[in-house]
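Heads up: the sequence shown begins at 6 in the numbering used here, then just goes up one per residue.
The C-beta atom is built at its ideal place from N, Cα and C for all residues, glycine as well.
This report concerns only the one structure given below.
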Amino acid sequence: MPRHLLAGSDKALPPGAADLGEANPAERLEVSVLLRRRASDELAARMAGLAGGADPPGHLSREEFAARHGADPADAAALKAFADGFCLAVADEDLPRRTVVLSGTVAQFNRAFDLSLRRIEHPAGTFRGRTGAIYLPEDLAGVVEAVLGLDDRPQASPHFRLAPAAAAPTSYTPLEIAAFYGFPAGTGAGECIAIIELGGGYRPADLAAYFKALGVTPAPKVKAVSVDQGRNAPTGNADGPDGEVMLDIEVAGAIAPAASIVVYFAPNTDAGFIDAVATAAHDAVNKPQVISISWGGPESNWTAQSTTALDEALQAAASMGITVCVASGDSGSGDGVADRADHVDFPASSPWVLACGGTSVRASVGAITAETVWNDGASGGASGGGVSGVFPLPAWQRGLAVTRQAGPSALAMRGVPDVSGDADPRTGYAVRIDGADTVIGGTSAVAPLWAALLTRINAAAGRPVGFINPALYAHAAALNDVQKGDNGDFVASVGWDACTGLGSPKGADLETALAGHTPV
Numbered sequence: 006m007p008r009h010l011l012a013g014s015d016k017a018l019p020p021g022a023a024d025l026g027e028a029n030p031a032e033r034l035e036v037s038v039l040l041r042r043r044a045s046d047e048l049a050a051r052m053a054g055l056a057g058g059a060d061p062p063g064h065l066s067r068e069e070f071a072a073r074h075g076a077d078p079a080d081a082a083a084l085k086a087f088a089d090g091f092c093l094a095v096a097d098e099d100l101p102r103r104t105v106v107l108s109g110t111v112a113q114f115n116r117a118f119d120l121s122l123r124r125i126e127h128p129a130g131t132f133r134g135r136t137g138a139i140y141l142p143e144d145l146a147g148v149v150e151a152v153l154g155l156d157d158r159p160q161a162s163p164h165f166r167l168a169p170a171a172a173a174p175t176s177y178t179p180l181e182i183a184a185f186y187g188f189p190a191g192t193g194a195g196e197c198i199a200i201i202e203l204g205g206g207y208r209p210a211d212l213a214a215y216f217k218a219l220g221v222t223p224a225p226k227v228k229a230v231s232v233d234q235g236r237n238a239p240t241g242n243a244d245g246p247d248g249e250v251m252l253d254i255e256v257a258g259a260i261a262p263a264a265s266i267v268v269y270f271a272p273n274t275d276a277g278f279i280d281a282v283a284t285a286a287h288d289a290v291n292k293p294q295v296i297s298i299s300w301g302g303p304e305s306n307w308t309a310q311s312t313t314a315l316d317e318a319l320q321a322a323a324s325m326g327i328t329v330c331v332a333s334g335d336s337g338s339g340d341g342v343a344d345r346a347d348h349v350d351f352p353a354s355s356p357w358v359l360a361c362g363g364t365s366v367r368a369s370v371g372a373i374t375a376e377t378v379w380n381d382g383a384s385g386g387a388s389g390g391g392v393s394g395v396f397p398l399p400a401w402q403r404g405l406a407v408t409r410q411a412g413p414s415a416l417a418m419r420g421v422p423d424v425s426g427d428a429d430p431r432t433g434y435a436v437r438i439d440g441a442d443t444v445i446g447g448t449s450a451v452a453p454l455w456a457a458l459l460t461r462i463n464a465a466a467g468r469p470v471g472f473i474n475p476a477l478y479a480h481a482a483a484l485n486d487v488q489k490g491d492n493g494d495f496v497a498s499v500g501w502d503a504c505t506g507l508g509s510p511k512g513a514d515l516e517t518a519l520a521g522h523t524p525v
């Protein structure tokens, strides 16, 4: 039977990894297969109008999106027939998300996709992985867009930083930060915030104690949703993913306490990440209108098929009027890659998200007196930002310049971030994690900060603001322009820059600016 290479599926060993031999052929796994969408040209035209910012089309309901652009049942049937031929079981099928989850053994998947899964040793741990490409039978060529989850290497990292042990940090509650930035009054009543988590968990008793101490009563309603068998699983380690989970919930919940908060837990794999975002976007029960993501990794760590699959999930969210706020990373202009080149974090670099960078603030008598780019130097963290190597220049960033240490030049590809907020752990957020009060920073705090702000604005307006990037760039005066500091290679400047984007929020001004924004 002729086989076709699945475009973008090629994978290589990560630096420092070693092949330990074949994976256990009897090991069981689940794999997410992404099918092509219907009426893709129609959606592309809609998204072009949306990105252009001129007379944008109204957003689609979840039901409309599923009917127009979900997977074709005939394509799902063809995939299931293929799976049956290799004794692979169908564990789940979701046509709106275009996803069919197959279950089987390593040996069965090796035969089905003409590959060899291996055990890979890496400084970060041992995982199941592969090299080379995935191959499909002729009748599935063009039908299947991605095969995700064959390997279980960690795909992303949380973007939070604890205050250095030797430091005496100044800390603020989320409510104080919101007041610094002039957030409009509100509680987010009637709204839902989705939070994506790829590990760790929360303890309800900790949340209850934290919100009670803040005077936030009643405490926000928090619900956990399992994706790909991920679950709320606290580790008891504040340095680990628990820190991320608790920070996200506590920042969003303190500022929008009457909004429901739904936390989507998924495994830290490419399949888990993509399935979590798609599940939140298409969730017709909880119906979140804002999604907060504080995980990511350098663009170079993603395969082309995984990048496309996650970007399409984010594009679907934008078309349904959902705002997605994403942390831009905590490792400055290099994004933690050891090649001394510039890198940006994905999914923050997707043009369909609001990429959130970091600042350091000084405050007195309840007001910010100075705000600079967050950069703790070589031994600490810094606001992620730079120029994408994958995504072209969006219409709403045309004409901008990017300023490097060597000088300014025209911005030629998608620039990151779009906006910013306090992220310095030395001026960080007072939170509670695994029974202990602590101070945390990082751009992880900025994504839920913006998510909570937009939730207040949505609740007051009675409608979602949706994909707001074109409107933000057209109303840059509604943000505090941060003009001092750098994140390594990139330097803050007047207007947009690759350290803090357009700047930090002027909450009430943003609400006014977005009031005239046609919701999409």
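Asked: Per DSSP, what are the beta-bridge partners of leucine 39 in this structure?; Found: Thr104, Ala151
Asked: Taking 8 Å as the threshold (C-beta atoms), are glutamine 160 and asparagine 273 in contact?; Found: yes
Asked: Is there contact here, the region 453 to 470 with the region 191 to 207, by at least three beta-carbon pairs under 8 Å?; Found: yes
Asked: Could you spell out where the alpha helix (DSSP H) holding tryptophan 455 opens and where it closes?; Found: 448 to 466
Asked: For alanine 321, which residues from the same chain have a beta carbon less than 8 Å from its beta carbon, with the 5 sequence-adjacent residues on both sides left out?; Found: Phe70, His74, Ala283, Ala286, His287
Asked: What separation, rounded to the nearest whole angstrom, lies between the Cα atoms of phenylalanine 91 and arginine 124?; Found: 22 Å
Asked: Counting along the chain, where does the beta strand (DSSP E) carrying arginine 208 start and finish?; Found: No beta strand (DSSP E) holds arginine 208; DSSP gives it neither H nor E.
Asked: What residue range is occupied by the uninterrupted beta strand (DSSP E) comprising histidine 287?; Found: Counting along the chain, histidine 287 falls outside any beta strand (DSSP E), and DSSP gives it neither H nor E.
Asked: Distance, Cα to Cα, aspartate 578 vs glycine 301?; Found: This structure gives no information on residue 578, because the portion of the chain shown stretches from 6 to 525.
Asked: Using 8 Å as the threshold, is the C-beta distance between leucine 100 and alanine 76 below it?; Found: yes
Asked: If we call anything under 8 Å between Cβ atoms a contact, is glycine 191 one with alanine 411?; Found: no
Asked: Does the beta-carbon of proline 7 have 16 or more other beta-carbons within 10 angstroms, so that it is buried, or is it exposed?; Found: exposed
Asked: Sorted by chain position, which residues of the same chain lie with C-beta nearer than 6 Å to glutamine 310's C-beta, five sequence neighbours on each side aside?; Found: Gly13, Ser14, Ala151
Asked: Could you give the distance in angstroms between the alpha-carbon of alanine 49 and the alpha-carbon of tyrosine 207?; Found: 39 Å
Asked: Decide if aspartate 60 is buried, meaning its Cβ has at least 16 other Cβ atoms within 10 Å, or exposed.; Found: Confidence at aspartate 60 is low in this model, with a pLDDT of 49, below 50, so the placement of that residue is unreliable and no value is reported for it.
Asked: Kindly indicate if chain B contains any beta-carbon less than 8 Å away from that of alanine 264.; Found: Protein chain content of the structure displayed is limited to a single chain, and chain B is not contained in it.
Asked: What does DSSP give as the partner residues of serine 162 in its beta bridges?; Found: Gly301
Asked: Who are alanine 133's beta bridge partners in DSSP?; Found: First, the amino acid is wrong: residue 133 is arginine here, not alanine. Partner(s): Arg124.
Asked: Pick helix, strand or coil for glutamate 27, following the three-state DSSP scheme.; Found: strand
Asked: For valine 392, report the span of its beta strand (DSSP E) as first-last.; Found: 391 to 397
Asked: What's the call for aspartate 442, buried or exposed, on a 16-neighbour Cβ count within 10 Å?; Found: exposed
Asked: For asparagine 306, name the three-state secondary structure that DSSP assigns.; Found: helix
Asked: Mapping DSSP to helix, strand and coil, what is leucine 180?; Found: helix
Asked: What's the call for arginine 468, buried or exposed, on a 16-neighbour Cβ count within 10 Å?; Found: exposed
Asked: Here's the rule I'm using: 16 or more other beta-carbon atoms within 10 Å means buried, otherwise exposed. How should valine 525 be labelled?; Found: Since pLDDT at valine 525 reaches only 40, below the 50 mark, its modelled position is unreliable, and the value read off the structure follows with that caveat. By the neighbour-count rule (16 or more Cβ atoms within 10 Å), valine 525 is buried.
Asked: When the Cα atoms are used, what is the spatial distance from glutamine 294 to alanine 23?; Found: 43 Å
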